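Read the structure below first, then the notes.
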Amino acid sequence: MLKYIDNFLNKITMYRITLYVLLFFFGSAFTLSIFKLLPYTPVDLVASLLIILAVSFVFNVIFSFVFEAPTNTESIYITSLILFFLITPAQGGVYAQFLPLAIWASIWAMASKYIFAIGKKHIFNPAAFAMVLVAFTINESASWWIGTPYMLPFVVVGGLLLVRKIRRADLVFSFIISSLVFITIFAIFRGSNVTNTLFFTFRDSAFLFFAFIMLTEPLTAPTTKWLRIAYGILVGFLFTPSLHIGAFYATPELALVVGNVFAYMTGPKEKLFLKLKERVKVGADTFDFIFQKDKSFSFKPGQYMEWTLKHRSPDTRGNRRYFTLASSPTEDEIHLGVKFYPEPSSFKNRLLALAPGGEIIAAQKSGDFVLPEDKNQELVFLAGGIGVTPFRSMVQYLLDKKEKREITIFYSNKTVADIAYKEVFDRAQAELGIKTIYMVTDQKEKLPDASLHSGRVDAQTIREEIPDYLAKQFYISGTHSMVDSFEDILKSMGVSKKNIKIDFFPGFA
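Quick look at the structure:
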């Protein structure tokens, strides 16, 4: 069942699935209002959302023009929908209280992406930041009206799908556990009924909406596992309703803003504006885009970044993608390896048309799919298609450092022509003894030399090439289905889960 869900989610970008989940929440609330299960009419909900959307859209266009920054339309809709669930909708056509709060919050939310940014990298969750400023400037606060028993089932279903997509369970569960622990402690000290307190926290608050939707925003959260866990614990503590200093009480939005500061201080701060140097074809329908590199930029081999490419009329997949850095930190340029399939997205069409000197933006350096610190750890790399890019980064790094490690690479492609970066891996075999086994799955193709093998990577192939495979650390990178297939093979062979490392970045589509 999970594989079917994953296959479905893998076809949708991270931003698009977030938008769909929020629209699902809106549709659920709209339906509940028809049956009078919410204290708002359908007209109240639609009118309130349209006002927030209109203000957000107008001011985002203004800020984008003034600061000459590319805009992501999906981001506008996502922020507007989140604000909609935080601000009590207008009721019965009375807008006197709703309008000032909605307009002011929408303006600040858009401003946070442009004005309150360092190095053109925004720091705060836009909706949370807006509601904190609204509280301090006009003494209005978020109602978090989505936190009702009737909305809870929809929030759980949509939220779990989103977390499954972006693989941030470590962050969500560290927050939930931390928050519940501190809520319990405070309840005990106050002499409250702990069971009731925890029950109402889940049923009558926006606890899960906060955890699933707001906490997980990638641009303002840490990018590595242990920092995400620390971030979740910190925000979980600050989320505790009873936490206060004198008459100053913590709120969910303030907890998140403080957490955002922690994430900024401990995370990557780069936002790179890269100029294309050249484009080189390295395989069938596969190109290596080479960009000029800022000498101050550093990363670990195997990490990935979010890439934003401004272009007219982006399709439903938007103007952002996550790609692994194919280059080594030792190189003077940044390499981006991209495979082009039939009917490519507007993003890939624009990327392919990018001329030398054309600009792309890279940010959010992320990922734990890196070489182990223990240089004596024996490794096996399993790569499928363009999933070879993190291994190209690692192997090039080892070549430049003249660092020998015990590594065997299985590199699977449909045809010989699909093999990319072969010269790098062949050089590594000659200079460092890193063996690459090229697997070609198209049985009809004649193989030009003995270094190429026909067939798929299976348990028998691995056993034959690596008799002591149980002592190895396996790294897997490729399409979602290929990663699942490789992982299943290894598990069937008795390889421990802790010895399997999977390359993941959200929004493969």
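The numbering of the sequence shown is UniProt numbering, which starts it at 1 and goes up by one. Glycine is no exception: its CB is placed at the ideal position from the N, C-alpha and C atoms. In this text, all values refer to a predicted model and were calculated from it rather than measured experimentally.
**Q.** Cβ-Cβ distance between residue 438 and residue 451 below 8 Å
**A.** Using a Cβ distance threshold of 8 Å, residue 438 and residue 451 count as a contacting pair.
Q.
If you reduce the DSSP assignment to three classes, tell me which class residue 259 lands in.
A. DSSP places residue 259 in helix when its eight states are reduced to three.
Q: Please name the residue or residues paired with residue 248 in a DSSP beta bridge.
A: For residue 248, DSSP records a beta bridge to 245.
Q. Under the three-state reduction of DSSP, which class applies to residue 96: helix, strand or coil?
A. In this structure, residue 96 counts as coil in the three-state DSSP scheme.
Q.
Using only the alpha-carbon positions, how far apart do residue 510 and residue 445 sit?
A. Because the chain is modelled from 1 through 509, residue 510 falls outside the range shown and cannot be assessed.
Q: Indicate the three-state DSSP secondary structure (helix, strand or coil) for residue 363 in the structure shown.
A: Secondary structure at residue 363: strand, using DSSP grouped into helix, strand and coil.
Q: Please confirm whether residue 101 and residue 140 have their CB atoms less than 8 Å apart.
A: Going by C-beta atoms, residue 101 is nearer than 8 Å to residue 140.
Q: Pick helix, strand or coil for residue 508, following the three-state DSSP scheme.
A: Note on residue 508: pLDDT 45, under 50, position unreliable in the model; no value is reported.
Q | Beta-carbon gap between residue 478 and residue 383 smaller than 8 Å | A | Yes, Cβ-Cβ distance for residue 478 and residue 383 is below 8 Å.
(Q) Can you tell me whether residue 181 is helix, strand or coil according to DSSP? (A) Helix, per DSSP.
Q) DSSP three-state call for residue 387: helix, strand or coil? A) In this structure, residue 387 counts as helix in the three-state DSSP scheme.
Q. Do you know whose CA, among 485, 242, 354 and 481, lies nearest residue 457's CA?
A. Closest by alpha carbon: 485.
Q | The beta strand (DSSP E) enclosing residue 5, as first and last residue numbers | A | First-last for residue 5: 2-9, but that is the alpha helix (DSSP H), not the beta strand (DSSP E).
Q.
Going by DSSP, what residue range makes up the alpha helix (DSSP H) through residue 225?
A. From DSSP, the alpha helix (DSSP H) with residue 225 extends over 225-239.
**Q.** Secondary structure of residue 409, DSSP reduced to three states
**A.** In the three-state reduction of the DSSP assignment, residue 409 falls in the strand class, which pools E and B.
**Q.** Touch test, the region 168-184 against the region 27-41, Cβ-Cβ under 8 Å, three pairs minimum
**A.** Counting Cβ pairs under 8 Å, fewer than three are found: no touch.
Q.
Taking 6 Å as the limit between beta carbons, can you name the residues of its chain near residue 130, skipping five residues before and five after?
A. Non-local beta-carbon contacts of residue 130 in its own chain, meaning distances under 6 Å to residues more than five positions away in sequence, involve 105, 108 and 109 in chain order.
Q. Near residue 145, what residues of its chain come up, given a Cβ to Cβ distance below 6 Å and the 5 sequence neighbours on each side ignored?
A. A distance below 6 Å between beta-carbons, with the five flanking residues on each side excluded, links residue 145 to the following residues of its chain, in chain order: 88.
Q: Look at the Cβ atom of residue 197, then the Cβ atom of residue 183, and state whether they are nearer than 8 Å.
A: In contact: residue 197 and residue 183 (Cβ atoms closer than 8 Å).
Q. According to DSSP, what are the bridge partners of residue 290?
A. 278 and 335.
Q. Mind pulling the alpha helix (DSSP H) runs of 4 or more residues that sit fully within the region 422-463?
A. As summarised for the region 422-463, the continuous alpha helix (DSSP H) elements at least 4 residues long and confined to that stretch are 422-432, given in chain order.
Q: Please state whether DSSP places residue 215 in a helix, a strand or coil.
A: The answer is coil: DSSP assigns residue 215 none of H, G, I, E or B.
Q: Under 7 Å Cβ to Cβ from residue 244, same chain only, skipping five residues before and after it: list those, please.
A: Answer for residue 244: 250, listed in chain order.
Q: Can you grab the Cα-Cα spacing for the pair residue 155 / residue 248, in whole Å?
A: If you take the alpha carbons of residue 155 and residue 248, they lie about 30 Å apart.
Q | residue 305 - containing beta strand (DSSP E), residue span | A | Where residue 305 is concerned, the enclosing beta strand (DSSP E) stretches over 304-308.
Q) Just the Cα atoms here: how many angstroms apart are residue 297 and residue 367? A) When rounded, the distance between both Cα atoms is 16 Å.
(Q) Let me confirm a value: residue 510 is counted as buried when at least 16 other C-beta atoms fall within 10 Å, else exposed. Which label applies? (A) The structure shown does not extend to residue 510, since the chain spans only 1 to 509, so no value can be given for it.
Q.
Does residue 67 come out as helix, strand or coil in the three-state DSSP assignment?
A. Here DSSP, grouped into helix, strand and coil, assigns residue 67 to helix.
Q: Give the straight-line distance between the Cα atoms of residue 161 and residue 229, rounded to the nearest whole angstrom.
A: So the two alpha carbons sit approximately 20 Å from each other.
Q | Through-space distance from residue 328 to residue 335, alpha-carbon basis | A | Residue 335 and residue 328: Cα-Cα distance of roughly 8 Å.
**Q.** CB-CB length for residue 223 against residue 268, believed under 8 Å
**A.** A Cβ-Cβ distance of about 6 Å is found for the pair residue 223 and residue 268, placing them in contact under the 8 Å criterion.
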